[in-house]
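Colleague: Chains as they are written, first to last, in my numbering: chain D, -4 to 69; chain R, 55 to 446. Cβ coordinates follow ideal geometry from the N, Cα and C atoms, glycine included. Can you read through this structure? Questions will come right after.
Structure (structure tokens):
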């Protein structure tokens, strides 16, 4: 469960990071806002990199399988 | 021959014994026609050539070992025996094993199905789903014990260990493989958790890979709501499943490589975002610095000082002007006063003179005392009405 969360945040974090770079690219942005975004971006990238380096592959078997083959062997 | 009369049952039994004993094991080649897969699971069809035909039956427990779907027009080789069915009085071939008459037959079937499905639009590019950019949940449809699965897992581990793999295992060759593949694809769709499905199988012969050329597998892939990537056999193997899939990778490992980014790529992406926002921050700051400098140096920003100076100057001017005004005013007043004074004093003298007094003037000065009068010098007498100069 925890993994599922970290997995889904990884993607949204990455998207947010992209969003921040777009927001910062806007020349109209106020300095205060830019600083807040920049700090958020730095934290996100740090977090994502940490997540990536500590990730372990998870493999599981699908349980809810409709089994046609058994049916045929009856 | 003899005069014994036989019943229908008796002669049928004789025929049955005779045929079944003499044709207990047969290898027969022929073309399928009138193929029917009955709901009971048994197959009924006719084998024919240009001049003859023979009825065939293949029981459910036997036909599930056939790795391909037979269809009309297909040339096959069967092994079986003759049986007689007394209630109908006919004979039929009871088929034990069935194989295509040659690889050519499978290729023919392949081409036929390919054309059919293409005409139905199953291969149309506009029907292809777009693969997710960064799938973190991947479904794999393949054999649980196969090398293909192991290879794919190690690729995922190496490239992008953040992914979670769900394996819907199924048999991938032989009888029932196509049904199992369909079931696995449908199950992953039903579960609806993975973002992309890899349908894979390691290399093998055309027969080994045949399940991936079955119509039902093609439809299962086509109907899958989750994008499907195929990685079947080797580089040179093309199956019907490959044509229907949203993306065809040459091998199982290639399929995994295509849908997973390399860890380093993502790291670089994150780092590039990092650099990007840092650069932007720096340029923002220097931009603001510039703005501040510009402001500091601008007339508007210096205005307090400037205003003060201006104010002082204004005050000075005002004071000066005020002073000037005052001076002018005062001078004016002074002059007026002097004039008045003169006038007043003049008036005073005139009044006295009018009474009969006389003023004595000598050398332009009034002589106010007798001792100052110089008798030898000329003098003037000033009356009220006139002045008399006495020059002696």
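Rounded to whole angstroms, what's the CA-CA distance from residue 67/R to residue 148/R? Just pull it up for me.
Modeller: Each residue's Cα considered, the two are about 18 Å apart.
Colleague: Under three-state DSSP, which class holds residue 97/R?
Modeller: Three-state result, residue 97/R: strand.
Colleague: Under 7 Å between beta-carbons, which chain R residues line up against residue 54/D? List them in chain order, please.
Modeller: What residue 54/D touches in chain R: 207, 219, 221.
Colleague: At the level of alpha carbons, what is the spacing between residue 432/R and residue 414/R?
Modeller: Whole-angstrom Cα-Cα distance: 11 Å.
Colleague: Using a beta-carbon distance cut-off of less than 8 Å, what residues from the stretch 3 to 16 of chain D approach chain R?
Modeller: Residues passing the 8 Å Cβ filter: 3, 5, 6, 9, 12, 13, 15, 16.
Colleague: Given this structure, state the Cα-to-Cα distance separating residue 434/R from residue 375/R, to the nearest angstrom.
Modeller: One C-alpha to the other measures close to 50 Å.
Colleague: If we call anything under 7 Å between Cβ atoms a contact, is residue 320/R one with residue 283/R?
Modeller: No; because the gap between Cβ atoms is not below 7 Å, this pair is not in contact.
Colleague: Kindly indicate which three-state DSSP category residue 413/R falls into: helix, strand or coil?
Modeller: It is a strand residue.
Colleague: Using CA coordinates, which residue listed in 52/D, 46/D, 21/D is at the minimum distance from residue 8/D?
Modeller: When only C-alpha atoms are compared, the closest one is 46/D.
Colleague: Taking DSSP as the reference, what is the three-state secondary structure of residue 142/R?
Modeller: In the structure shown, residue 142/R sits in coil (DSSP, three-state: anything other than H, G, I, E or B).
Colleague: Taking CB distances under 7 Å as the criterion, tell me whether residue 49/D reaches chain R.
Modeller: It does not: the Cβ of residue 49/D has no partner Cβ on chain R nearer than 7 Å.
Colleague: Is there a Cβ from chain R that is less than 7 Å from the Cβ of residue 45/D?
Modeller: Judged by the 7 Å Cβ criterion, residue 45/D is not in contact with chain R.
Colleague: Roughly how many angstroms separate the alpha carbons of residue 61/R and residue 141/R, rounded to a whole number?
Modeller: Each residue's alpha carbon lies about 14 Å from the other.
Colleague: Counting only the same chain and skipping the five closest in sequence on each side, list residues whose C-beta sits under 8 Å from that of residue 312/R.
Modeller: Same-chain partners within the cutoff: 185, 283, 301, 303.
Colleague: With the cut-off set at 7 Å, would you say residue 190/R and residue 272/R are in Cβ contact?
Modeller: No, they are not a contact pair.
Colleague: Quick one: which chain D residues come within Cβ less than 8 Å of residue 338/R?
Modeller: Chain D residues near residue 338/R: 19, 24, 26, 29.
Colleague: Do residue 237/R and residue 306/R come within 7 Å of each other at the CB atom, strictly closer than that value?
Modeller: No, they are not a contact pair.
Colleague: Does the structure place the stretch 154 to 170 of chain R close enough to the stretch 210 to 220 of chain R that three or more beta carbon pairs sit under 8 Å?
Modeller: Cβ pair count under 8 Å is below three, so no.
Colleague: Taking CB distances under 7 Å as the criterion, tell me whether residue 327/R reaches chain D.
Modeller: Taking Cβ atoms only, chain D reaches closer than 7 Å to residue 327/R, which makes this a yes.
Colleague: Give the range of the alpha helix (DSSP H) segment to which residue 311/R is assigned.
Modeller: Taken as a continuous stretch (DSSP letters only), the alpha helix (DSSP H) holding residue 311/R covers 306 to 313.
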